[in-house]
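In the numbering used here, the protein residues as written are 2 to 254. Scroll down for the structure; my scribbles are underneath it.
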Ligand SMILES: NC(=O)c1ccc[n+]([C@@H]2O[C@H](COP(=O)([O-])OP(=O)(O)OC[C@H]3O[C@@H](n4cnc5c(N)ncnc54)[C@H](O)[C@@H]3O)[C@@H](O)[C@H]2O)c1
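Okay, here's the thing in structure tokens:
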């Protein structure tokens, strides 16, 4: 079993859904986890649930599309645990508006939360992980969507564009950060059962896609969390710059 004992991780948007599953899984493997979320109740709930299960976690509220709040998330982590080894860029939103109707604010907000936050957090955590005065190295895992590469659901233009941006940025990041012993990989998830998809599944197109999924109707957050664990642990040591699709075979053509 993968051990992350002595490792310190930040998981963004970990108050519910995929992020909460990732935070639980990393903590169960021994990592000390900073549970970040924009929503204070959700952040607290995940952190408490981890500590009640015997793991180590703190909640740090913050909007990761804001650079100053990103700094606070990272500094709170270092104050609490003294180091930083793993960053999981998971926070995201999914506006569902047609291109013809979308206004600039909605487009910008999606790109800020889903893509700019990945730049802020990767840059700021990268500086800590690359610091030659510390034990160098680390792991960054980004959670994006198959919409960024291979699928196109109706009314997801900003979401698809942000995910595609994450894929491109992560490859550059992997290339630049390799010299510091920092690995960077991206997971492209298909349909996963979370509060985000509860709403989205009202779309007829998505219901059709779910019923046609080769493996199962919809994925569970733990399927993504287990892949994150693999990428973060020693077994993933030769992986960087990759994108891993977790979609139950939805994108088999
Ligand atoms: N659920 C899916 O089918 C699916 C598929 C592909 C990719 N994803 C991606 O996985 C990630 C998690 O999705 P989910 O389904 O668990 O979503 P979710 O909406 O259930 O949970 C997302 C969490 O992120 C938090 N959050 C939102 N904006 C934030 C911000 N600016 N700063 C900090 N926290 C913020 C929310 O408060 C929420 O608790 C997202 O990036 C999403 O795009 C999800």
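Just so it is clear, CB atoms sit at the ideal spot from N, CA and C, and this is done for glycine as well.
Cβ neighbours of residue 4 within its own chain (closer than 7 Å, five residues either side excluded): 30 and 31. For the 8 Å CB-CB criterion, residue 189 and residue 244 form a contact. A Cβ-Cβ separation of about 6 Å places residue 252 in contact with residue 147 under the 8 Å criterion. In the displayed model, residue 23 falls within a helix according to three-state DSSP. Not one heavy atom of ligand 1 is found less than 7 Å from the C-beta of residue 34.
The C-beta distance from residue 93 to residue 14 rounds to 6 Å, short enough to fall under 8 Å. Closest in C-alpha terms to residue 34, from the list 20, 19, 49 and 12, comes 12. In the same chain as residue 166, and ignoring 5 residues on each side of it, the C-beta atoms closer than 7 Å to its own belong to 116, in chain order. With fewer than 16 other Cβ atoms from the protein chains shown falling within 10 Å of its own Cβ, residue 200 counts as exposed. For residue 187, the secondary structure class from DSSP, reduced to helix, strand or coil, is strand. Within a 10 Å sphere around the beta-carbon of residue 2 sit fewer than 16 other beta-carbons, which makes this residue exposed.
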